[in-house]
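Accompanying notes for the structure given below.
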Amino acid sequence: QARLSPNLRHIDFTPDMEARTHWRLDVIRQLRHDFQAGRLEVWFQPQVSLTDGHLVGLEALARWPGNGGFVHPPEVFIKLAEDAGLIGELGAWVLERSCATYRSLRDTGRALHHIAVNVSMPQFRQPDFPERVMDILAAHDMPATALELEITESLLLDEPAVVLRNLETLRQAGVLISIDDFGTGYSSLSYLRQLPVDCLKIDRSFVLEIDRGKGDLFAQTIVELAHKLGIDTVAEGVETQAQVERLRELGCDTVQGFLYAHPMPASELAQWCDGRGAGGRMVS
Ligand code: C2E
Ligand code: MG
Ligand code: MG
Ligand code: MG
Numbered sequence: 005q006a007r008l009s010p011n012l013r014h015i016d017f018t019p020d021m022e023a024r025t026h027w028r029l030d031v032i033r034q035l036r037h038d039f040q041a042g043r044l045e046v047w048f049q050p051q052v053s054l055t056d057g058h059l060v061g062l063e064a065l066a067r068w069p070g071n072g073g074f075v076h077p078p079e080v081f082i083k084l085a086e087d088a089g090l091i092g093e094l095g096a097w098v099l100e101r102s103c104a105t106y107r108s109l110r111d112t113g114r115a116l117h118h119i120a121v122n123v124s125m126p127q128f129r130q131p132d133f134p135e136r137v138m139d140i141l142a143a144h145d146m147p148a149t150a151l152e153l154e155i156t157e158s159l160l161l162d163e164p165a166v167v168l169r170n171l172e173t174l175r176q177a178g179v180l181i182s183i184d185d186f187g188t189g190y191s192s193l194s195y196l197r198q199l200p201v202d203c204l205k206i207d208r209s210f211v212l213e214i215d216r217g218k219g220d221l222f223a224q225t226i227v228e229l230a231h232k233l234g235i236d237t238v239a240e241g242v243e244t245q246a247q248v249e250r251l252r253e254l255g256c257d258t259v260q261g262f263l264y265a266h267p268m269p270a271s272e273l274a275q276w277c278d279g280r281g282a283g284g285r286m287v288s
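Every number in the working numbering is 4 more than the matching position in the sequence shown, counting from 1.
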């Protein structure tokens with residue numbers, strides 16, 4: 005990593021950048037290997053309705069397990085997969101695992117409203133992306149309306165033509181679109197006027213400040229804006245009961261965070277769902 009020495013304001017490139025290049029190539033090789041060997045996993049984090057406490061959905065989150073822990077967090081290896089041209093394949097696999105998980109929960113009487121899958125920009129702008137999504141849905145006999153794709157605001161900076169076309173195609177097929185980390189990206193609000201979007205995810209940085217500081221005002225403004233546009237809101241990174249109370253006051257629809265559940269492997273989901281009280285607190 006380039007280092008800025010405090011006194012000289014001099015950037016010391018060569019040795020660090022070289023080390024970094026080695027590191028990157030090494031990790032990419034290891035990632036490709038472990039991915040092809042079937043060692044990556046998709047974990048899922050519950051999303052809970054603030055109106056009735058029901059489980060409404062799950063967010064799929066990629067994991068790279070190693071011996072005794074995780075090799076690298078997704079922020080790191082997803083970026084490397086993008087740079088290495090591996091994200092199309094890896095992303096399609098995350099989608100496939102997500103649809104399979106949705107199906108197995110539905111087949112055992114646990115029907116979710118949706119499963120949310122993060123999509124990165126190089127993946128989304130593949131011209132055949134909508135087709136790949138529809139093929140995966142069809143293979144699992146999963147309705148398009150039960151899939152939510154999470155995109156970020158930065159998606160709209162690059163190649164808007166193919167991005168807009170893909171968004172339009174997916175949306176017409178019934179796929180839900182949400183904007184992840186809303187309010188932290190580059191876009192102006194104006195794209196919300198033209199873009200078909202179903203949900204805004206309020207970033208954790210706002211939720212963290214919700215009962216102190218400016219985060220509260222931002223969360224409030226996002227919820228109000230969303231509701232005026234007929235869009236749902238999900239608050240990310242909810243960790244305290246106080247945050248829940250305030251989000252409910254603000255009219256936020258759905259919450260997701262460690263207070264409810266950490267992301268978990270697919271094999272633990274059924275038990276988690278069933279442990280949520282008698283009567284199955286699920287939507288159908
Ligand atoms: P994200 O989509 O904004 O996902 C939410 C992140 O917040 C997840 O981190 C989740 O584990 C974490 N989180 C959830 N609740 C809490 C909480 O209460 N407190 C705290 N401190 N954190 C919470 P994770 O799994 O490490 O993923 C990080 C990012 O990596 C994701 O952010 C997403 O941008 C990216 N990512 C993960 N999986 C995929 C994937 O399959 N495809 C793509 N394109 N990106 C992915
Ligand atoms: Mg997300
Ligand atoms: Mg997010
Ligand atoms: Mg985030």
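Built from N, CA and C at the ideal position, the CB exists for glycine as well.
Measuring alpha carbon to alpha carbon, tell me which of the options ends up nearest residue i.
i       : options                               : result
Glu-240 : Ile-214, Leu-221 and Gly-234          : Ile-214
Gly-178 : Arg-208, Val-137, Glu-249 and Asp-56  : Val-137
Glu-157 : Leu-171, Thr-149, Met-146 and Ala-148 : Leu-171
Arg-110 : Pro-134, Met-125, Phe-133 and Ala-150 : Ala-150
Glu-243 : Val-227, Asp-207, Phe-222 and Glu-272 : Asp-207
Leu-29  : Ala-85, Pro-69 and His-58             : Ala-85
Glu-295 : Asp-139, Pro-134, Asp-184 and Ala-148 : Not covered by the structure: residue 295. The range shown for the chain is 5 to 288.
Phe-39  : Gln-176, His-144 and Gly-95           : Gly-95
Ile-155 : His-144, Gly-189, Glu-135 and Gln-176 : Gly-189
Leu-199 : Ala-230, Leu-254 and Ala-23           : Ala-230
Ile-140 : Gln-176, Glu-93 and Arg-169           : Glu-93
Gln-260 : Phe-133, His-58 and Glu-272           : His-58
Ala-88  : Gln-34, His-144 and Met-21            : Gln-34
Measuring only from the beta carbon, is residue i closer than 8 Å to any heavy atom that is part of ligand 2?
i       : result
Asp-236 : no
Ala-85  : no
Val-202 : Val is not the amino acid found at residue 202; the sequence shown has Asp there. No - ligand 2 has no heavy atom lying nearer than 8 Å to the Cβ of Asp-202.
Lys-232 : no
Glu-239 : The residue asked about is misnamed: residue 239 is Ala in this sequence, not Glu. Outside the cutoff, so no.
Asp-184 : yes
Glu-63  : yes
Ala-120 : yes
CB of residue i to nearest heavy atom of ligand 1: below 8 Å?
i       : result
Ser-309 : The structure shown has nothing for residue 309, since the chain only spans 5 to 288.
Ala-150 : no
Glu-253 : no
Gly-73  : no
Ala-66  : yes
Glu-249 : no
Gln-40  : no
His-76  : no
Val-321 : Because the chain is modelled from 5 through 288, residue 321 falls outside the range shown and cannot be assessed.
Glu-79  : yes
Ile-140 : no
Gln-127 : yes
Compute the Euclidean distance between the alpha carbons of residue i and residue j, then round it to the nearest angstrom.
i       : j       : result
Gly-113 : Ala-270 : 16 Å
Leu-90  : Val-31  : 13 Å
Gln-224 : Tyr-264 : 22 Å
Arg-36  : Tyr-106 : 26 Å
Asp-205 : Ser-182 : For clarity, residue 205 is Lys in the given sequence; the question names Asp instead. Roughly 7 Å between the two C-alpha positions.
Leu-54  : His-117 : 14 Å
Ala-274 : Leu-99  : 19 Å
Val-121 : Arg-197 : 24 Å
Asp-56  : Cys-256 : 12 Å
Thr-25  : Glu-228 : 45 Å
Gly-72  : Thr-173 : 42 Å
Glu-135 : Phe-262 : 34 Å
Val-169 : Ala-148 : Note on residue identity: the sequence assigns Arg, not Val, to residue 169. Distance between the alpha carbons of Arg-169 and Ala-148 is about 17 Å.
Excluding sequence positions up to five away, which residues of its chain have a Cβ less than 6 Å from the Cβ of residue i?
i       : result
Pro-78  : Ala-66
Gly-281 : Below a pLDDT of 50, predicted positions are generally treated as unreliable, and Gly-281, at 46, falls in that range; no measurement from the model is reported.
Arg-101 : Val-46
Any heavy atom of ligand 3 closer than 8 Å to the beta-carbon of residue i?
i       : result
Lys-218 : no
Arg-197 : no
Glu-154 : yes
Asp-207 : yes
Excluding the 5 residues preceding and the 5 following residue i in the sequence, name in chain order all residues of the same chain whose CB lies nearer than 8 Å to its CB.
i       : result
Met-268 : Trp-47, Phe-48, Gln-49 and Trp-276
Val-60  : Gln-51, Val-52, Ser-53, Leu-116, His-117, His-118, Thr-258 and Val-287
Glu-152 : Gly-61, His-118, Ile-119, Ala-120, Val-121, Val-179, Leu-180, Ile-181, Ser-182, Asp-202 and Cys-203
For residue i, which residues from the same chain have a beta carbon less than 7 Å from its beta carbon, with the 5 sequence-adjacent residues on both sides left out?
i       : result
Met-146 : Cys-103, Tyr-106 and Arg-107
Val-167 : Phe-128, Arg-129, Leu-159 and Leu-160
Phe-210 : Gly-187, Gly-219, Phe-222 and Ala-223
Leu-233 : Leu-196
Glu-45  : Arg-67, Pro-69 and Pro-269
Arg-175 : Ile-181 and Pro-200
Met-125 : Ser-158, Leu-159 and Asp-162
Any heavy atom of ligand 5 closer than 8 Å to the CB of residue i?
i      : result
Val-46 : Of the ligands one can find in the structure shown, namely ligand 1, ligand 2, ligand 3 and ligand 4, none is ligand 5.
- Message: For the structure I just gave you, are there three or more beta carbon pairs, one from the segment 163-181 and one from the segment 117-129, closer than 8 Å?
- Response: The segment 163-181 makes contact with the segment 117-129, as at least three CB pairs between them are under 8 Å.
- How do the segment 192-201 and the segment 241-253 stand: do at least 3 beta-carbon pairs fall below 8 Å, yes or no? No: fewer than three Cβ pairs fall under 8 Å.
- Task: Count the C-beta pairs between the segment 79-88 and the segment 226-241 that are closer than 8 Å, then say yes if the count reaches three, no if not.
- Result: Contact between the segment 79-88 and the segment 226-241 is absent, because fewer than three Cβ pairs lie under 8 Å.
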